[in-house]
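Student:
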Amino acid sequence: MSALTTVFRKELRESLRDRRAVLNTLIIGPLLGPLLFLVMIRVIISEQIQTSERPLPVAVQGGQYAPNLIAALTSAGADISTAPADPARAVRNEEVDLALVIPKQYAEDWQAGQPATVFVYYDSSRKEAGSRIGRLKGMLEAYSRQTGSMRLMVRGVAPMVASPLLMADRDQATPSSKGAMLFAMLPYMLILTSFIGGMFLAIDATAGERERQSLEPLFATPVRRESILAGKVLATATFAGTSVVMSLIAFLIVGRFMPTQDLGMAIDLGSRFLLLVLPVMVPLVLFVSALQTFVAAFAKTFREAQTQLGLLQIVPVVPVLIVTVMPFKTALWMYAIPLVGQQLVITRALRGDAVGFLPEFLVAGTTLLVAAVAYWAARRAYTSERLAISG
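Numbering (the numbering used here), first residue to last: 1344 to 1734.
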């Protein structure tokens, strides 16, 4: 234990001397993501609120054929303007966002009591057009329902006859589960932080010392290789764990500045969230630290190890893609998959759902198991004499 502690203190001391490493690992890494997240979400929410409140610009062609429709759209919040001669081309060239074309046949069909057709031109591939398209279609549908009801009443028919089925929404989403949608990237960012937090130390403790030719003298001391490895892995885990905790605290602070109440949402990143997340993140930090130490043992230079561990950061993307691309109902066995289990636990904690002891135990237990396997592989690499040979 004394040898392990000595190596542990040595690695921490050497890493803390590198100000750039401390700045990137313990300050910029944990804090930059939450701050960018806060700015991005506030801008998106502000833009959505302003878009829903400001008049909707609609370029209209043939408005003289449907004066009542134009009046209804104006009263609903549309800003009517004259459309170009070729509305389809104008939309493709982004001259206008929405174009409404009312053909001459519209007036004849309307007078005859037949369904009258209007054409809405838009570009669904443009992100900013999505909400505007929905608003315009909602206005047209409301006008259609109102006119249909009036026609039935004129004919002495109750409007309810045309609606034999009424659908009443009963949304069971809670403010917390809605707020979790805003923080959907939080599980990925926490998992990625565990990979980034100790990466520099894992590289420098093995490949860096190998390149500086200081690893061979260290192995020549009467200290067991296992103690040297344990000290290095523990130091790497300390850096990574500190980075994860700081990121959690940063998100906790950021959550208090989110304008979630404006959207009927709520987010709680307090003590309950920390108690659910930390037990599954600590084993992950140990696994990542052992894995990074193992991978860095095969690199002869600092730059080579940096490239290899940089590619290793693709691993956290896998559970995000699985959950996003392949939506499925969560099953108990999924918690036994490292990285996926952490993703599920953090997501449920964000939603305010009960996680339970068994899922937490499965996530922590299986992650500790693969951490032991990674540590065993790193131990085998450290007992090889080839590791002491400098590049």
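In this text, a Cβ means the ideal position worked out from N, Cα and C, and glycines have one as well.
#1: Please list, in chain order, all residues of the same chain as residue 1581 whose beta carbon is under 7 Å from its beta carbon, the five residues on each side excluded.
#2: Since residue 1593 and residue 1373 are thought to touch, with beta carbons under 8 Å apart, how far apart are those beta carbons, to the nearest angstrom?
#3: DSSP on residue 1424, reduced to helix/strand/coil?
#4: Alpha carbon to alpha carbon, how far is residue 1477 from residue 1638?
#5: Following the continuous beta strand (DSSP E) through residue 1462, name the residue where it begins and the one where it ends.
#6: Take the Cβ of residue 1383 as the centre, count every other Cβ of all protein chains shown within 10 Å, and call the residue buried at 16 or more, exposed below.
#7: Pairing CB atoms from the region 1573 to 1588 with CB atoms from the region 1534 to 1549, are three or more of them under 8 Å?
#8: From the DSSP output, read off the bridge partner residues of residue 1403.
#9: Does DSSP classify residue 1411 as helix, strand or coil?
#10: Distance, Cα to Cα, residue 1496 vs residue 1502?
#11: According to the neighbour-count rule (16 or more other Cβ atoms, all chains shown, within 10 Å of its Cβ), is residue 1387 buried or exposed?
#12: Relative to the C-alpha of residue 1493, which candidate in 1541, 1629, 1456 and 1418 has its C-alpha closest?
#13: Taking the alpha-carbon positions, what's the residue 1711 to residue 1550 distance?
#14: For the 8 Å Cβ check, are there 3 or more pairs between the region 1615 to 1627 and the region 1639 to 1646?
#15: To which residues of the same chain is residue 1726 closer than 7 Å at the C-beta, ignoring the five residues directly before and after it?
#16: Looking at the unbroken alpha helix (DSSP H) that takes in residue 1718, where does it start and where does it end?
#17: Using C-beta distances below 7 Å, list every residue in its chain close to residue 1587, excluding the 5 sequence neighbours before and after it, in chain order.
#18: If you follow the alpha helix (DSSP H) that residue 1575 is part of, which residue opens it and which one closes it?
#19: At what residues does the alpha helix (DSSP H) containing residue 1538 begin and finish?
#20: From the DSSP output, in three-state form, read off residue 1557 for me.
#21: Rounded to the nearest angstrom, what separates residue 1684 and residue 1697 at their Cα positions?
#22: Please say whether residue 1403 and residue 1423 have beta carbons closer to each other than 8 Å?
#23: For residue 1650, which three-state DSSP category applies?
#24: Between which residues of its own chain and residue 1398 is the CB-CB distance below 8 Å, once the five residues before and five after are set aside?
#25: Give me the Cα-Cα distance between residue 1680 and residue 1657, rounded to the nearest whole angstrom.
#26: How long is the line joining the alpha carbons of residue 1575 and residue 1548, rounded to whole angstroms?
#27: For a quick check, are the C-beta atoms of residue 1655 and residue 1686 less than 8 Å apart?
#28: Compute the minimum distance between the beta carbon of residue 1634 and the heavy atoms of the ligand MG, and state whether it is under 7 Å.
#29: In whole angstroms, what separates the C-alpha of residue 1529 from that of residue 1596?
#30: Looking at the secondary structure, which residues open and close the alpha helix (DSSP H) in which residue 1449 lies?
#31: Between the alpha carbons of residue 1489 and residue 1415, how many angstroms are there, rounded?
Tutor: Walking through what the data contain:
#1: 1355
#2: 6 Å
#3: strand
#4: 51 Å
#5: 1462 to 1464
#6: exposed
#7: yes
#8: 1425 and 1443
#9: helix
#10: 7 Å
#11: exposed
#12: 1456
#13: 25 Å
#14: no
#15: 1568
#16: 1700 to 1725
#17: 1533, 1536, 1537, 1540, 1624 and 1628
#18: 1568 to 1598
#19: 1529 to 1540
#20: coil
#21: 15 Å
#22: yes
#23: helix
#24: 1420, 1421 and 1422
#25: 17 Å
#26: 7 Å
#27: no
#28: Absence of the ligand MG is noted for the structure shown, with no ligands found whatsoever.
#29: 14 Å
#30: 1448 to 1454
#31: 10 Å
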